[in-house]
Each structure stands twice: as C-alpha cells, then as structure tokens.
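Undergrad: First, the structure itself, so that you have it in front of you.
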Amino acid sequence: MVWTAAIMSALVSITAAAAAVVLLVAQGGQAPDSPERTPVDLSSRYSPELAEPPTAVEIDVSAHPVYDLAMPEPVDCPIPELDASSDSSWEAFSAELGGCLNDLWRPRLEELGLRVADPEFKTTRENPDEGSTEEGMTLAYYDSEVREITIVIPNVSALSEEFPDRDQEGVWSALIGHEYGHHVQEVTGVLEESYEMEYGASSQSQSLQALRRTELQAECMGGVAMRGLGAFDDAAIERVNELLNGGDDLPTHGTSQNRRTWYDQGADGETLEACNTYAAPAGKVR
Numbered sequence: 001m002v003w004t005a006a007i008m009s010a011l012v013s014i015t016a017a018a019a020a021v022v023l024l025v026a027q028g029g030q031a032p033d034s035p036e037r038t039p040v041d042l043s044s045r046y047s048p049e050l051a052e053p054p055t056a057v058e059i060d061v062s063a064h065p066v067y068d069l070a071m072p073e074p075v076d077c078p079i080p081e082l083d084a085s086s087d088s089s090w091e092a093f094s095a096e097l098g099g100c101l102n103d104l105w106r107p108r109l110e111e112l113g114l115r116v117a118d119p120e121f122k123t124t125r126e127n128p129d130e131g132s133t134e135e136g137m138t139l140a141y142y143d144s145e146v147r148e149i150t151i152v153i154p155n156v157s158a159l160s161e162e163f164p165d166r167d168q169e170g171v172w173s174a175l176i177g178h179e180y181g182h183h184v185q186e187v188t189g190v191l192e193e194s195y196e197m198e199y200g201a202s203s204q205s206q207s208l209q210a211l212r213r214t215e216l217q218a219e220c221m222g223g224v225a226m227r228g229l230g231a232f233d234d235a236a237i238e239r240v241n242e243l244l245n246g247g248d249d250l251p252t253h254g255t256s257q258n259r260r261t262w263y264d265q266g267a268d269g270e271t272l273e274a275c276n277t278y279a280a281p282a283g284k285v286r
C-alpha cells in the first residue's frame, strides 16, 4: 500500500515418551531374558483431527475485535531531527521512530493474541511513480509480503521543501505512522481481506472505494501515532494534518476533507472503533 501526499496456525504438540531399557550386566554373566510385552497400537493415542489442515480464520473487516481495543497508551518517543534528503538521516529517523511505534502498538496486538515480528525499514532512490498516470507521488509504501516500509527519498526530499522547518519531523512522523498502520492491518488480517474486496469488486468505482477504506484507515492510524508518540502538542498535530491532507482530493486516498477527518478521529478517539472505515457510509470514504 502506498501513502501519497497521500492466526492462525494450529500448534500441535505431540510428546512421545521414550522408554529406556537399562541392561545390568554382572561380571562374567549375561543379561536376564526380558519378559514378552504386548505391542501397543499407537494409532489409538492420536486424534484423526490432528491430521486435518487448520481451518481458515474468517475476518470481518467491519466488525474486527481490534475495534474493541482502547487507543494505545502513549509512549515517550524522542523524535530525532531529520534531513529529508539524506538516506542516513532517514535510516536513523525511521529506526528510532519505528522502535517507538513498535512499543506503541505491541500491547494492543498482544491483547489480540498476536506476537509478530516488527516491520523493517529501508530507503530507496528509485521512483515507483515513473511512467504512472495517477495523481500524487509515492512518498513511502508498505510491502505486505516482506512486512517492510520503504521511504522514497527523491519524493520526500522534494516535498519537504514545501513544509516549514518546525513541522518537518511531525509531517514525516505522520507518514511513518500511516505506513505502520498498514502493518497493523496486515498482522490483524485486515489488509489481506481488503485486497479481496478491492480486486473482487464488480466495478472500478467499487474497487476504488475499497482501496480508499484501506487508505483512510491507515490515515486514521497515522493520527493514532501522532497522539501516541507523545512528542507533539495539539497545535502541531493539527498543523501536520493540514499540511498533509489539505491538498487535492485523490481517487485512491479520498477527499481532502475525509482524510483530515479520519486523521483527527485517530488522534482524538478513545477506542480503535474510531478508525473503522469499513463500517463507515460511502460518503465518509469518498
């Protein structure tokens, strides 16, 4: 998934007890004959159900248990300064911020019984937008197959010139928070189901609506991150929202107004139900 200027495996434990036979041999003698034993039919000790493949877990993206959780408790995150044109600066920034986001989201994921590997971060100077006719530019993207967040240096560097110095770290924290939102969607099973909705839609308009629901939820989780990082006051959180989402309407990421609304709901909500874009009426995900 991109952000543009926009379980279950069955664990079967089978313990086999190995019988140890100790032969006591007297000096100059032989071991006594062992008594005959009746063979044990081991098949009687196993359930045939264990041979069945695990049943797929059904995911309802509009009624997922994640929405019942309270917003993550804030963490104390020392946001480092960032030079948006520098690979090394981005690597240090994303490493620090990524660790904070891991700490922010991990307790909530564990409440769902999920213990998953943290996402990796990388940078690239290859522009994925070359040759594309879509509006906007790709600043970063999440690869669900390898659970990796990639920052597109040429694009973030160019856009950084449009933002005031005081909000640079805030803007890019929200960017990372959005992409981390896609990671949360991935590990909870929401992202895979959203792909099914998008690619299985009966029309292009329905496909785009499914995509917008996914992107607007990630934007909401970007708002969750901005509040939860504990590094930005109300004024900074609102400025970042306006800087990022005050631009054009985007067919893939929603109208400017809807992007701002979902970001605010993430920053101000009490439970993750505030980010339930999949249960929202069509007008809220235009």
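The sequence shown begins at 1 in full-length UniProt numbering and counts up by one.
Built from N, CA and C at the ideal position, the CB exists for glycine as well.
1. Could you tell me whether the segment 183 to 196 touches the segment 112 to 119, using the rule of 3 or more Cβ pairs below 8 Å?
2. Checking 8 Å against the spacing of the C-beta atoms, do residue 149 and residue 179 come in under that value?
3. State buried or exposed for residue 210, treating a residue as buried only when at least 16 other CB atoms are found within 10 Å of its CB.
4. Pull up the CB-CB distance for residue 241 and residue 256, whole angstroms please, since I reckon it's below 8 Å.
5. Counting only the same chain and skipping the five closest in sequence on each side, list residues whose C-beta sits under 8 Å from that of residue 192.
6. Buried or exposed: residue 173, going by 16 or more other Cβ atoms within 10 Å of its Cβ?
7. Cβ atoms of residue 276 and residue 67: under 8 Å apart, would you say?
8. Is there a Cβ from chain C that is less than 8 Å from the Cβ of residue 285?
9. Should residue 225 be labelled buried (16 or more other beta-carbon atoms within 10 Å of its own) or exposed?
10. Mind checking residue 61: buried by the 16 CB within 10 Å criterion, or exposed?
11. Go ahead and label residue 261 buried or exposed: buried means 16 or more other beta carbons lie within 10 angstroms of its beta carbon, across all protein chains shown.
12. Give me whichever residues DSSP pairs with residue 143 in a beta bridge.
13. Can you give the Cα-Cα distance for residue 215 and residue 70, rounded to whole angstroms?
14. For residue 272 and residue 106, what's the separation of their Cα atoms in angstroms?
15. How close, in whole Å, do the beta carbons of residue 169 and residue 81 come, if the pair is a contact with beta carbons under 8 Å?
16. Do residue 223 and residue 263 have their C-beta atoms within less than 8 Å of each other?
17. What residue range does the beta strand (DSSP E) around residue 120 cover?
18. Any idea if residue 88 is buried or exposed, counting beta-carbon neighbours within 10 angstroms, 16 or more meaning buried?
19. With a 10 Å radius around its C-beta and 16 neighbouring C-beta atoms as the bar for buried, classify residue 146 as buried or exposed.
20. Give the secondary structure of residue 69 by DSSP, where H, G and I count as helix, E and B as strand, and everything else as coil.
TA: In brief:
1. Judged by Cβ distances under 8 Å, the segment 183 to 196 makes contact with the segment 112 to 119, as three or more pairs qualify.
2. Start at 1 with the first residue of the sequence shown, and residue 149 comes out as number 149. Start at 1 with the first residue of the sequence shown, and residue 179 comes out as number 179. Cβ atoms of residue 149 and residue 179: closer than 8 Å.
3. One-based indexing of the sequence shown puts residue 210 at position 210. By the 10 Å Cβ count, residue 210 comes out buried.
4. As a position in the sequence shown, residue 241 is number 241, starting the count at 1. As a position in the sequence shown, residue 256 is number 256, starting the count at 1. Incorrect: roughly 10 Å between the Cβ atoms, too far for contact.
5. Taking the first residue of the sequence shown as position 1, residue 192 is located at position 192. So the qualifying residues of the chain are 59, 144, 186.
6. Your numbering for residue 173 matches position 173 in the sequence shown. The residue in question, residue 173, is buried, as its Cβ has 16 or more Cβ neighbours within 10 Å.
7. Taking the sequence shown and counting its residues from 1, the one referred to as residue 67 is at position 67. Taking the sequence shown and counting its residues from 1, the one referred to as residue 276 is at position 276. The beta carbons of residue 67 and residue 276 sit closer together than 8 Å.
8. Among the protein chains of the structure shown there is no chain C, as only one such chain exists.
9. Taking the sequence shown and counting its residues from 1, the one referred to as residue 225 is at position 225. So residue 225 counts as buried.
10. In the sequence shown, residue 61 corresponds to position 61, counting from 1. Residue 61 is classed as buried because its beta carbon has at least 16 other beta carbons within 10 Å across all chains shown.
11. As a position in the sequence shown, residue 261 is number 261, starting the count at 1. The Cβ neighbour count for residue 261, taken over all protein chains shown within 10 Å, is at least 16; the residue is labelled buried.
12. Here residue 143 corresponds to residue number 143 of the sequence shown, with the count starting at 1. Paired residues: 148.
13. Here the question's residue 215 lines up with position 215 in the sequence shown. Here the question's residue 70 lines up with position 70 in the sequence shown. Taking the straight line from one Cα to the other gives about 21 Å.
14. One-based indexing of the sequence shown puts residue 272 at position 272. One-based indexing of the sequence shown puts residue 106 at position 106. Residue 272 and residue 106: Cα-Cα distance of roughly 14 Å.
15. For the purposes of this step, residue 169 is taken as the residue at position 169 of the sequence shown. For the purposes of this step, residue 81 is taken as the residue at position 81 of the sequence shown. Distance from residue 169 to residue 81 at the Cβ level is roughly 7 Å; contact confirmed, criterion being Cβ atoms closer than 8 Å.
16. Mapped onto the sequence shown, residue 223 falls at position 223. Mapped onto the sequence shown, residue 263 falls at position 263. Their beta carbons are under 8 Å apart, which means residue 223 touches residue 263 by this criterion.
17. Working through the sequence shown from its first residue, we reach residue 120 at position 120. Bounds of the beta strand (DSSP E) holding residue 120 are 120 to 124.
18. Position 88 of the sequence shown, counted from the first residue, corresponds to residue 88. So residue 88 counts as exposed.
19. Locating residue 146 in the sequence shown gives position 146, counting from the first residue. Residue 146 comes out exposed.
20. As a working mapping, residue 69 is identified with position 69 in the sequence shown. Coil, per DSSP.
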